[in-house]
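If you use the numbering used here, the sequence shown closes out at 109, no skipped numbers anywhere.
The beta carbon of each residue, even a glycine, is placed where N, CA and C say it ideally should be.
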Amino acid sequence: MYEAMVAKDTVTLNRVHADDFVLTHMTGMHQSKQEYIKAIAGGTLNYYSAEHEQMEIKVSGNHATLTGRSRVTAAVFGGGRHTWHLQLMFQLVKRDGQWQFTSARASTY
């Protein structure tokens with residue numbers, strides 16, 4: 001996912017995010033899948049790198065929770081380029097044999 005965000009690879013981002021995906025930013029702002037991918041492609045969300053420090057995954061049948069802590073370098077919403085200690089809590093569902101993100105909640109750590 002992060003590789004696709006850095007590369008602005010909208011094909012991969014569309015594939016790995018469910019149609020009903022919602023991202024909740026640190027500010028509390030919500031973005032739908034379409035809004036989120038459009039912001040990446042259009043340069044509102046610019047990701048440069050992600051160094052993963054910790055990943056915890058819990059799977060229960062066709063549902064999973066992933067909590068990841070990463071150092072993410074990005075320039076977002078017109079701000080300058082910064083590196084954040086970003087924690088994302090994802091919900092995933094397995095459909096037709098493929099895992100997709102259904103939601104993400106961002107915070108710092």
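- Bridge partner(s) assigned by DSSP for Val22: Ser32 and Ser103
- Message: Given this structure, state the Cα-to-Cα distance separating Gly112 from Ser60, to the nearest angstrom.
- Response: An answer regarding residue 112 cannot be provided, because it is not within the stretch 1 to 109 covered by the chain.
- Task: Answer yes if the stretch 77 to 95 comes into contact with the stretch 50 to 67, meaning at least three C-beta pairs across the two stretches below 8 Å, and no otherwise.
- Result: yes
- Query: Grouping DSSP H, G and I as helix and E and B as strand, with all else coil, what is Thr27?
  - Reply: coil
- Backbone CA spacing between Leu45 and Ile57 [nearest angstrom]: 26 Å
- For Tyr109, is the classification buried or exposed, using 16 other Cβ atoms within 10 angstroms of its Cβ as the cut-off for buried? exposed
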